Structure formats: C-alpha cells, structure tokens
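Those protein sequence lines, which keep their order, are chains L and G. If you read the first sequence in my numbering, its first letter stands for residue 281, the second for the next number, and so on. If you read the second sequence in my numbering, its first letter stands for residue 55, the second for the next number, and so on.
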Amino acid sequence: MRTMNRTDSVITVQDLTLAYGDIVIQKALNFEVRRGDIFVIMGGSGCGKSTLLMHLIGLQKPLHGDIFYGKERLWGVSSEQREQLLRKVGVLFQSGALLSSMTLAENIALPLAEFTALSKKEIDQTVSYKLALVGLAGFEGYYPSEISGGMQKRAGLARAMALDPEILYFDEPSAGLDPISAQLLDELIQSLRDSLGATIIMVTHELASIFAIGTHSIFLDSEAKTAIAFGSPDQLLKTSQDPRVLNFLTRGHPERAGQGVRHE
Amino acid sequence: MSNAAALNGEDFNPMTEGLRDGQRLSLDVTRLGVWDSYLMIALIDVMRRCHDRHIGVDTSGLPKGMAALLELSSRVPERTDAIKGVAHRAWLERLGESARSVWLDGFFLTQFIGESATSMVALITGRARFRPIDLWLQIQACGPSALPIVTLISLLVGLILAFVGAVQLALFGAELYMADLVSLGMTREMGALMTAIIMAGRSGAAFAAQMGTMNVNLEISALRVMGFTASDFLVLPRMLALILVMPFLGLYADLMGIIGGGIVAISFFDIPLTQFIQRTSESVHLTDFFIGLFKCSLFGVLIALAGCFRGIQCGRSASAVGEAATSAVVTSIVFIVVADSVVTLICHRLGI
Numbered sequence: 281m282r283t284m285n286r287t288d289s290v291i292t293v294q295d296l297t298l299a300y301g302d303i304v305i306q307k308a309l310n311f312e313v314r315r316g317d318i319f320v321i322m323g324g325s326g327c328g329k330s331t332l333l334m335h336l337i338g339l340q341k342p343l344h345g346d347i348f349y350g351k352e353r354l355w356g357v358s359s360e361q362r363e364q365l366l367r368k369v370g371v372l373f374q375s376g377a378l379l380s381s382m383t384l385a386e387n388i389a390l391p392l393a394e395f396t397a398l399s400k401k402e403i404d405q406t407v408s409y410k411l412a413l414v415g416l417a418g419f420e421g422y423y424p425s426e427i428s429g430g431m432q433k434r435a436g437l438a439r440a441m442a443l444d445p446e447i448l449y450f451d452e453p454s455a456g457l458d459p460i461s462a463q464l465l466d467e468l469i470q471s472l473r474d475s476l477g478a479t480i481i482m483v484t485h486e487l488a489s490i491f492a493i494g495t496h497s498i499f500l501d502s503e504a505k506t507a508i509a510f511g512s513p514d515q516l517l518k519t520s521q522d523p524r525v526l527n528f529l530t531r532g533h534p535e536r537a538g539q540g541v542r543h544e
Numbered sequence: 055m056s057n058a059a060a061l062n063g064e065d066f067n068p069m070t071e072g073l074r075d076g077q078r079l080s081l082d083v084t085r086l087g088v089w090d091s092y093l094m095i096a097l098i099d100v101m102r103r104c105h106d107r108h109i110g111v112d113t114s115g116l117p118k119g120m121a122a123l124l125e126l127s128s129r130v131p132e133r134t135d136a137i138k139g140v141a142h143r144a145w146l147e148r149l150g151e152s153a154r155s156v157w158l159d160g161f162f163l164t165q166f167i168g169e170s171a172t173s174m175v176a177l178i179t180g181r182a183r184f185r186p187i188d189l190w191l192q193i194q195a196c197g198p199s200a201l202p203i204v205t206l207i208s209l210l211v212g213l214i215l216a217f218v219g220a221v222q223l224a225l226f227g228a229e230l231y232m233a234d235l236v237s238l239g240m241t242r243e244m245g246a247l248m249t250a251i252i253m254a255g256r257s258g259a260a261f262a263a264q265m266g267t268m269n270v271n272l273e274i275s276a277l278r279v280m281g282f283t284a285s286d287f288l289v290l291p292r293m294l295a296l297i298l299v300m301p302f303l304g305l306y307a308d309l310m311g312i313i314g315g316g317i318v319a320i321s322f323f324d325i326p327l328t329q330f331i332q333r334t335s336e337s338v339h340l341t342d343f344f345i346g347l348f349k350c351s352l353f354g355v356l357i358a359l360a361g362c363f364r365g366i367q368c369g370r371s372a373s374a375v376g377e378a379a380t381s382a383v384v385t386s387i388v389f390i391v392v393a394d395s396v397v398t399l400i401c402h403r404l405g406i
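Right under this line is the structure:
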C-alpha cells in the first residue's frame, strides 16, 4: 500500500504521526483511499481510530507527515485552502452532533444557506429531499432532543450529505443502534456509495458492518502504534497470519477463521 | 466456615496464621448458606496471603459460581502501572504548575481575543459566517428578558445610595444634595456596574454553559468541519447582542436608580419632588450619561468574551460545564471591576 502514485486516489496519507501533546498515538501511517471505496479504519478501543479521523477531517494537526486530498495537501496550507478542500467532505459524528438549538431542517439548511446560492424555497426542497433519503421525511420541525438516537444519527447523515460531498466520513456509525437499525444504516451507506458515487471512510469496530460493506481497510494496533494490516476485510480474515488481526476479526476465536464467523 | 450470621474479612485471618510452608488449605463450604461479594473479597484476600507464603489452596470444594468468580477476578492480572497514585508533590512544584496554568490561560485568552477581533473585522467587511436570526434570539435573551431583574436591583441600589448619602449629608443639613449623589452615582457608575454584574450572572453563565455543552456534544467540531468557526458563528452574535443591549439596559437602570433615590428623598426626607428633579437635572450632564453608556458597551464585550472563552475552553464532562459557567461569572466580574477602575481613573485624569 505504499504506492505513491496519487492520481486515482482520493485520499493519500504519507508517513503520518498522530499525537496528543507529546504522547504519540499512531506513527508511520501510509495508506490511500480510492474513489468508490468503503474504507474501514478498524482496531481495538483506544488505538487511535477516532484520532486518525480527526486528523483526516482537519480538526487536529498531525505531528508529522502529510494528508493529501487528490493532489492537494491538507496541512501546511492556509486555513482558507484547507476549508476549500473540506467543502467536498461530509462527516457524521458518533452522536450525530446536530446543533441542539436548531430544528432538523435548520441544521441541514445551515451549510446550504452559507455555501450555495440556492433560494429559500430551493433550500427547503433540498432539506426535505435529504431528510427523505435517510427516512426522516416529515421531521423537519423537530429538535434533535425530540427524536431517538438512531434518528439523530440519520439526521446527522442528512446534514453531512447536504452539499453532495464526494467523501463521507462516519465515526462509529452503528454504535448505540439496535441490530436492525445498524443494518439499515449499513445498507443506506452502501446505496449512497453506489448512487452518489461517493467515497466512504468509516471508523468502526462493528464486525458485522465491517464484513457486510467494507471494501478496504486498515487495522490500527495500539501496542505497535501503527497500522499492522491492509486489505479488504474478507481477504484479511482468510489470509492474515497476524494473531492480533485474526483475534479481532473473529471475536477472539481465530481457529474459526473462514468458517462463517461473519454470520455469527 | 461456620454458618454464623455474619462473617467478615478479619475472621479469616487466624485461619491462615497457623499454617506453614508446604501445607495446604482446603475449603469446606457444605454448611454455607447465603453469600455475597464480601465473602469473595475475604476469600481472595486469604488466597493472596496463602500464595505469598507458598501455601496451596484447594478450591475444589467451592460451589461452581464461587469458583468461576474467583477465576474471573484473577484472569486479567492487575495493571500495576495503571494505578494512579496520589503523588506527593512539593509546594514549589505545585506553585510552578499553577503559575504555568495561569500563563497558559492568558496565552489562550489572548488567542481567543485575537480570533474574536478577526471575526469583528470579518463582520464589518461582510464575510462573517453566522445566522442573523441567532443575533435576534440573543438580543431577545439578553435584553427584554433581563428587564425585571434589572428593575429590581437598580431600584434598590438607588434606594440604598440615597439612604447612605442622606444620613451623612443630614449632618450638614444638606439632605437636598442626595439628589446629586444618587443621579451622578447611578449614571456614571452604579447603573453600568450593577447591570454588568447582573448580565455576567445571567448571560455570561448562559453563554459558557451553552458553548460548553456544544463542545461536549461535538457540535463545535461539526461546525468547524462545515466551515464555520466558533468565533464567527457563536461568539459574534452573542457579543454583538450584549454590545447593543447593554447601553439600553444601563440607561434603564440609571432611570430606575434615580426613581429609587427619589422615593427615599420624598418619603423619608421630605424633599419635594420638583426640587429633587431640579437638582438632578442640574447635576447630571450628558457627558455623565455617555461615560455610563460607554462603560456598558465595554462591559458587554468583556462579559461576552469571558463567557464564550470559558465555554469554548470547557472540558468534555458534565462537571466541566458547571465549572465553565462558574468560571465565566468569576472571570467576567474580575474583568468588569478592573475595567471600571481603569475607566474611572482615565476619566479622572482627563477631568471629565
């Protein structure tokens, strides 16, 4: 995965080191995400998955190394340039992170009103359309605190999609959802990728999701402080020799690898 | 183990004392009735003692549940490096740390003031990203809603000023001059100061709590990803609202204070209303009003800065939000009093 040919990759990460203050979380990360991937960042709790996400979406500055969107550098440029790059990115935070003082419609209209030249009526139509896409048609006037956690997450997704981003980030999309809602969300993610041609990057440790929709992945390890496996989740399960990866992918029963653990 | 009503950990100590190296301790629980976690704690303690003294423990006689719990509690060894000791630190180290945190606080505050100033410039050049509706909502929350409390406090402050002044002035038979005292005191000083302190408690704390909670819910991160900065989207409407609303509230407080003074003058010191009004209008000049109004706007900026700063700095827990609100009020009041002293000194020097 150390290909430095950045022409067809949407995101390229080179020799990235993530740190909180002096404490290094992950180092020497190298990977690229190609157009149309559902790219999974996986690993145990506390290995730095979410920290990596914060760096990719420009909320935290890396200690060392580079992140490229296409051929453009994310860090080491002016904040206006970074903002410009991130305009084609949508993020769904773990809890949805909707602005609690605004209705769902106002939340989704926020980026539309600021960054597009749409009229009031067009914005309203777009908001209704996006809400309908995530199955929340008719909930325009609700406040985030008035709907369930799963609905908040879907509304967060509608907001992340407001500007038709080329890249969608998901932080633990299925965390806190019941199995059926989680599966519906997985299907939604997949159909968004297929119909909008978006590239999906998700941070998760939900095995069901990883195997169901992940096309590529990296596995971060907290002991090694770097990525110890790359490839499609199915492939990793079949071919990986690393006990840490196998333990993770088989819920601690590596001997069952390849015996349909994924349907457990 | 007997079926005594209650056992506690100490009862087990004598059991192990008589044992020597190489002996084995076997546990018989046939007469054990109901047991809970305390038995397990005592048992684990006994096993640790035995282990230290190389005495074998035969756990085969234990009921199934108990054996499983013992196994579970010893499966993951204690992380000795994970225990947070209460490190004893020398007073010099603690002093240094506090000094460092004050320094850092000042550093971040300066940075925050810089960002807010940049947002102000962006506002003037029309590039600031915020929703005008938020400004109206903040004006509503800071202004009209604060009128009742401002009325009460300023009326009482005017009353108190009048009483304190009149008692002293009566010594010279100059009670009439209490009108000067109240009206000048309110317009130049107390109107602005009391309004500011009320607003620090009302709006400053609210700003810190709102923004702190937004921080906890990652709402501020979400805003940043969408291309909005906290200083434009959140600080600007709040600061503008206070700058706009504070002078009006201050003016209203002045009026209320003077009315309070008038009530005392008329009802307790038999000063005719017309005379009170005449003295007031002679003693207070437009400059005095302007000084008061200027102070109000200045305090508005300071309250918004302190409230928003503490809110943005807020940690990611419920108690951190509470601390942010408290600290916002304390910081605002310190700022207000210091700024008031500086302005008063400058006015004195300039002779206005």
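Where a beta carbon is used, it is the ideal one built from N, C-alpha and C, also for glycine. This structure is a prediction, so every number in the text was calculated from the model and none was measured.
- Where residue 306 of chain L is concerned, the enclosing beta strand (DSSP E) starts and stops at 303 to 314.
- The C-alpha of residue 518 of chain L is placed about 49 Å away from the C-alpha of residue 365 of chain G.
- Of all residues in the segment 270 to 296 of chain G, only 271, 272, 273, 275, 276, 277, 278, 279, 280, 281 and 282 place a beta-carbon less than 8 Å from a beta-carbon of chain L.
- For residue 371 of chain L, the secondary structure class from DSSP, reduced to helix, strand or coil, is strand.
- In this structure, G:244 is the residue among G:87, G:244, G:188 and G:348 with its C-alpha nearest to the C-alpha of residue 207 of chain G.
- A contact between stretches requires three or more CB pairs, one per stretch, nearer than 8 Å, and the segment 339 to 354 of chain L fails this requirement with the segment 376 to 393 of chain L.
- Residue environment for residue 449 of chain L: buried (at least 16 other C-beta atoms within 10 angstroms of its C-beta).
- Taking 7 Å as the Cβ-Cβ cut-off, the segment 145 to 159 of chain G has no residue approaching chain L.
- Here residue 303 of chain L is exposed. Its C-beta has fewer than 16 other C-beta atoms within 10 Å.
- Identification of chain G residues near residue 337 of chain L by a Cβ-Cβ cut-off of 8 Å yields 279, ordered along the chain.
- The Cβ of residue 364 of chain G sits no closer than 7 Å to any Cβ of chain L.
- Exclusion of the five residues before and after residue 361 of chain G leaves 258, 261, 262 and 382 as the residues of its chain whose Cβ lies within less than 6 Å of its Cβ.
- For residue 456 of chain L, same chain residues with a beta-carbon under 7 Å away, outside a window of 5 residues either side, are 429 in chain order.
- Contacts between residue 367 of chain L and chain G, judged by CB atoms closer than 7 Å, involve 281 in chain order.
- Look at the segment 298 to 330 of chain G and you find no whole run of beta strand (DSSP E) that is 3 residues long or longer.
- When 8 Å is used as the limit between beta carbons, residue 377 of chain L is near these residues of chain G: 271, 272, 273, 275 and 276, in chain order.
- With 16 or more neighbouring CB atoms inside 10 Å of its own CB, residue 283 of chain G falls in the buried class.
- The continuous beta strand (DSSP E) containing residue 344 of chain L extends over residues 344 to 349.
- Residue state for residue 299 of chain L is assigned as strand, using DSSP reduced to three classes.
- The three-state secondary structure of residue 182 of chain G, taken from DSSP, is coil.
- In this structure, the straight-line span from the alpha carbon of residue 311 of chain G to that of residue 421 of chain L is close to 44 Å.
- A residue is called buried when at least 16 other Cβ atoms come within 10 angstroms of its Cβ; residue 494 of chain L meets this threshold and is buried.
- Counting the other Cβ atoms within 10 Å of the Cβ of residue 489 of chain L gives 16 or more, which makes it buried.
- Taking a Cβ-Cβ cut-off of 7 Å, the neighbours of residue 183 of chain G in chain L comprise 394, given in sequence order.
- Neighbours of residue 373 of chain L in chain G, taken as residues at a C-beta separation under 8 Å, are given in chain order as 272, 275 and 276.
- In the structure shown, residue 71 of chain G adopts helical secondary structure according to DSSP, grouped into three states.
- Here residue 480 of chain L really is in contact with residue 469 of chain L; their C-beta atoms are around 6 Å apart, less than 8 Å.
- The Cβ of residue 452 of chain L sits no closer than 7 Å to any Cβ of chain G.
- The segment 287 to 304 of chain G and the segment 192 to 202 of chain G touch, with no fewer than 3 CB-CB distances between them shorter than 8 Å.
- Within chain G, the C-beta atoms nearer than 7 Å to that of residue 363 of chain L come from 281, in chain order.
- Secondary structure of residue 381 of chain L (DSSP, three-state): coil.
- Cβ neighbours of residue 524 of chain L within its own chain (closer than 7 Å, five residues either side excluded): 501 and 508.
- Distances from the CA of residue 504 of chain L to each of L:326, L:289, L:531 and L:417 were compared; the closest alpha carbon is that of L:326.
- By the criterion of a C-beta distance shorter than 6 Å, residue 527 of chain L is surrounded in its chain by 534, once the five residues flanking it on both sides are discounted.
- Within the same chain, 163 and 166 come within 7 Å of residue 363 of chain G by CB-CB distance, once the 5 residues on both sides are set aside.
- Nearest CB-CB separation between residue 391 of chain L and chain G: below the 7 Å threshold.
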